[in-house]
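Participant: Please find one structure pasted underneath; my questions will follow.
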Amino acid sequence: MFSLLKKHSTFSLPVFIPSFLFVLLIAVACIVFPQSMQQGLNAAKNYAFDYFSWFYILSVSCFILFLLLLAMSSLGDIRLGSDDEEAEYPFFSWVAMLFAAGMGVGLMYFGVAEPLMHSVAPITQDSPQKNAMLYTFFHWGIHPWAIYGTIALALAYFGFRYRMPLSIRSAFYPLLRDKIHGVYGHIIDALALIATLFGIITTLGYGSSQLNAGLQAVGILSENSFFSNSLVIIVVVSIAVLSAISGVGKGVRRLSEINLSLALILMLFVLFSGSTVYLLSVFSENIGYYLSNLIEISFRTFSYDSQHTAWFSGWTVLYWAWWFSWAPFVGLFIARISRGRTIREFILGVLIIPATFNLLWFTIFGDSAILQDVKHSGALSALTGAPETLLFAFLDYFPLPTLSGLLALLILSLFFITSADSGIFVLNNIASSGKSADMPKWQSALWGVVMIILSIALLNSGGLGAVQAMTLVVALPFAVITVLMCFSLLQGLRVDKNYFDTRLNQSTVFWSGDKWKKRLGQILKQTQEEDIQQFLQQVVKPAFSQLRDELVNKHQLQVEINQTDEPQRSIELVIHKGVMRDFIYGVMIQSKDTALSMQEEQSVPSMKHEQVFEPVSYFGDGRIGYDVQYMTTEELIADVLKQYQRYLVLLNSEANELMVQAPLEPTA
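The numbers in this note's numbering rise by one with no breaks, and the one at position 533 of the sequence shown is 533.
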């Protein structure tokens, strides 16, 4: 069986088989022991809430700080690709695709429901409606995009800069090196695969219940039941599978663009059919209130307000778990469209653009719903026990309710289909460790069947609550992986910065082609301490002596040559300047460890010593010096004169007085 899978699939078997067996075990247990599984999932969920809520909150908030610090640092200049690579997509096309990434089933489900639910059951009686929007913004603002952005940045950086497969394991190359191709890499991808699958299942759970409610609202279905939910899932996922295996990928992408346009039309319809000026005004106020409270709520775990911990766990922690499980899906999409962007442009775009759109969406739908609820004496808030029905009930208070309801139903259906279709692609990608270019059609069908069976099995074991509980549990290990990913990414970026900032050796500026054989021998030799001592005596000291004689005898300057053995052997030329800082050009012996990989490299047999010694220049003003070992006596004299000319130019400018004037000795 394993040989057949290896031959007829793109799956990485060490990733696919454990993940598939785990999912199969969960599905069978949910079908055979639904009550026991429901109890077990609730116990696991409560354990995660009790002991790891702090980790979810702290890690996500730290991702924001991590990304902002990267964007503000010099590391933000690094490009996701070659240094001269241009962005793959024009800026406005990229922005439009980020908008699309922010859209989905979640906004349709919670756009009306969440603000209403927070205002009906507020955690504070102080401005309940305003705080309802604050916490909605908190859950849908920059925090989820910090999770997506962290993973997308790691995927894009190692994929396009290091030219590695776009897989989760690739992001750990600096920490694990070649071990990413072994057990550790398989574990990372398997955890990502399981988390992504349950993240998709959660979205399917929300989407099926709301789609069911929409079909009821337009009279197609008579009740919202387990059977009808299951039927919706089967039909929608089957359509997604057909699109995945029929080669109509471009058509699906076009469908996504059309659906985004339809969603914008629905949003603008609500905006201009309702209290337009009021909504635009509260949008401004909501953003200000959100930003002014952002730091406090980002780290709040309600440890001092234990009466609100149930709310905190059931909303914020559950959201963060959902975002973690959904992150490989969105992260891979964002990574694929971001080739050629700088890290700074990438971070600011990912954090600001989709989050701003989300905030606008929730203001228009959420504040409109609260306003309509007040006008109609709590008619909408009475339905918060069935949040999947709220969007369609809300649209009844606007013109053309049947038409707008059908439009919402169409948008929801298309989001459902495109999410499942894209989910199949991402699952194939992760299960194949990023190498799923020519995946067989049966793999797409397999993932469709898995999603259908697992969704229905979990709904059978406790409905949407069971789906959420499973997502919370499986997202935790992937959250740990994402934290470690930050350290790996930072290490890779630091090495990158050092590598590309390294310039040619200063000595090589004097090279010409007539002595190339001598130069080749010099660069291949591992110089030892005795070699550099010889260089000091045969090249540096004669160069300094000639300079001293010329400066003293012809130009009447005060010059001396100093030699030291501690802490490092060195020789320096000092030109005294009285009240100004002396000019100092010195050369000292420095040791440097030879990389283990170079010692083991058979193609460079001369690299056998654990250390190499270099003659490095230093200066009186504390600037970093450089290796001068390839210079002749005349070339070293020329280099000293270059530095002396720079020194005189600096002396001649009053702007540099603080740096060039020697500090006076203190008087008694």
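By construction, the Cβ of each residue, glycine as well, lies at the ideal position given by its N, Cα and C atoms.
#1: S19: buried (16+ other C-beta within 10 angstroms of its C-beta) or exposed?
#2: Starting from the Cα of G149, find the closest Cα among L318, T10, L193, I347 and give me that residue.
#3: Going by Cα to Cα distance, which pick from W322, F365, I245, G349 is closest to A263?
#4: Taking the alpha-carbon of I258 as reference, which of F415, S617, F269, E388 has the nearest alpha-carbon?
#5: For the beta strand (DSSP E) holding K375, just list the boundary residues, first then last.
#6: Going by CA-CA distance only, name the one from R163, T202, E388, I532 that's closest to S225.
#7: Compare the Cα-Cα distances from A595 to each of G199, Q526, L191 and report the closest residue.
#8: Bridge partners for Y736 per DSSP, in chain order?
#9: With a threshold of 7 Å on Cβ separation, who are the neighbours of V248 within its own chain once the five nearest residues in sequence on each side are excluded?
#10: Note down the Cα distance separating L197 from I31, rounded to an integer number of angstroms.
#11: Could you give the C-beta distance for Q590 and V616, rounded to a whole number, given that I count them as a contact under 8 Å?
#12: Flag I624 as yes if its beta-carbon sits less than 7 Å from any beta-carbon of chain C, otherwise no.
#13: Go ahead and label F91 buried or exposed: buried means 16 or more other beta carbons lie within 10 angstroms of its beta carbon, across all protein chains shown.
#14: Identify whether M631 lies in helix, strand or coil by the three-state DSSP scheme.
#15: Quick one: residues in its chain with C-beta nearer than 6 Å to the C-beta of V232, no 5 flanking neighbours on either side, listed in chain order?
#16: At 4 residues or longer, what runs of the alpha helix (DSSP H) sit wholly inside the segment 380 to 461?
#17: Excluding the 5 residues preceding and the 5 following G205 in the sequence, name in chain order all residues of the same chain whose CB lies nearer than 6 Å to its CB.
#18: Find the nearest neighbour of L351 within the set A543, I245, L68, judged by alpha-carbon distance.
#19: Cutting at 8 Å between CB atoms, please list the residues of its own chain near Y162, excluding the five before and the five after it.
#20: Enumerate in chain order the residues of its own chain whose CB-to-CB distance from I424 is below 6 Å, with the five nearest sequence positions on each side excluded.
#21: Should F33 be labelled buried (16 or more other beta-carbon atoms within 10 Å of its own) or exposed?
#22: At which residues does the beta strand (DSSP E) containing K592 begin and terminate?
#23: Taking 6 Å as the line, does the beta carbon of K517 fall inside it for any heavy atom of the ligand HEM?
#24: For K375, count the other beta carbons within 10 Å of its own beta carbon; 16 or more makes it buried, fewer makes it exposed. Which is it?
#25: Reducing DSSP to helix, strand and coil, say where I245 ends up.
#26: If you check the beta carbons only, do L215 and I430 fall under 7 Å apart?
#27: Q563 bridges to which residues according to DSSP?
#28: Do you know offhand how far A408's Cα is from D178's?
#29: Would you kindly report the start and end of the unbroken alpha helix (DSSP H) that includes P144?
#30: Can you look up R548 in the DSSP assignment and give me helix, strand or coil?
#31: What number of angstroms, rounded off, separates the C-alpha of F392 from the C-alpha of P440?
#32: Please state whether DSSP places S313 in a helix, a strand or coil.
#33: Tell me whether G521 is buried or exposed, calling it buried when 16 or more other Cβ atoms sit within 10 Å of its Cβ.
#34: Which of helix, strand or coil does DSSP assign to P675?
Facilitator: Answer, in terms of the structure:
#1: It counts as buried.
#2: Ranking the options by Cα distance to G149, first place goes to I347.
#3: Nearest C-alpha to A263: F365.
#4: Selection F415, S617, F269, E388 evaluated against I258 yields F415 as nearest (Cα-Cα).
#5: Element bounds for K375: not the beta strand (DSSP E) but the alpha helix (DSSP H), 368 to 375.
#6: When only C-alpha atoms are compared, the closest one is E388.
#7: It is Q526.
#8: Because the chain in this structure spans residues 1 to 668, residue 736 falls outside the shown range and cannot be described.
#9: The predicted position of V248 is uncertain, since its pLDDT is 49 and thus under 50; no value can be drawn from it.
#10: Using only the alpha carbons, I get a separation of about 18 Å.
#11: By a beta-carbon distance limit of 8 Å, Q590 contacts V616. Their separation comes to about 5 Å.
#12: Reference to chain C is not applicable here, since this structure consists of a single protein chain.
#13: Result: exposed.
#14: In this structure, DSSP gives M631 a state outside helix and strand, which the three-state scheme calls coil.
#15: Once the five neighbours on either side are set aside, the close Cβ partners of V232 are S208, L211, N212.
#16: Counting only runs of 4+ residues, the alpha helix (DSSP H) found wholly inside the segment 380 to 461 occupies 390 to 395, 401 to 431, 441 to 460, in chain order.
#17: Answer for G205: L464, V467, listed in chain order.
#18: When only C-alpha atoms are compared, the closest one is L68.
#19: Within the same chain, Y162 has close Cβ partners S170, Y173, G492.
#20: Cβ-Cβ distances below 6 Å link I424 to A244, S444, W447 in the same chain, with the five nearest sequence neighbours on each side left out; the list follows chain order.
#21: Classification for F33: exposed.
#22: The continuous beta strand (DSSP E) containing K592 extends over residues 583 to 593.
#23: Summarising the ligand content, the structure contains no ligands, and the ligand HEM is consequently not present.
#24: Taking all protein chains in view, the Cβ of K375 is surrounded by fewer than 16 other Cβ atoms within 10 Å, so the residue is classified as exposed.
#25: I245 falls in the helix class under three-state DSSP.
#26: It is not a contact, given that the beta carbons lie outside the stated cut-off.
#27: I571.
#28: A408 and D178 have their C-alpha atoms spaced approximately 49 Å apart.
#29: Its alpha helix (DSSP H) spans residues 142 to 156.
#30: Of the three classes helix, strand and coil, the one that applies to R548 here is helix, per DSSP.
#31: If you take the alpha carbons of F392 and P440, they lie about 40 Å apart.
#32: Three-state DSSP puts S313 in a helix.
#33: With fewer than 16 Cβ atoms within 10 Å of its Cβ, G521 is classed as exposed.
#34: There is no way to answer for residue 675, as the model of the chain reaches only from 1 to 668.
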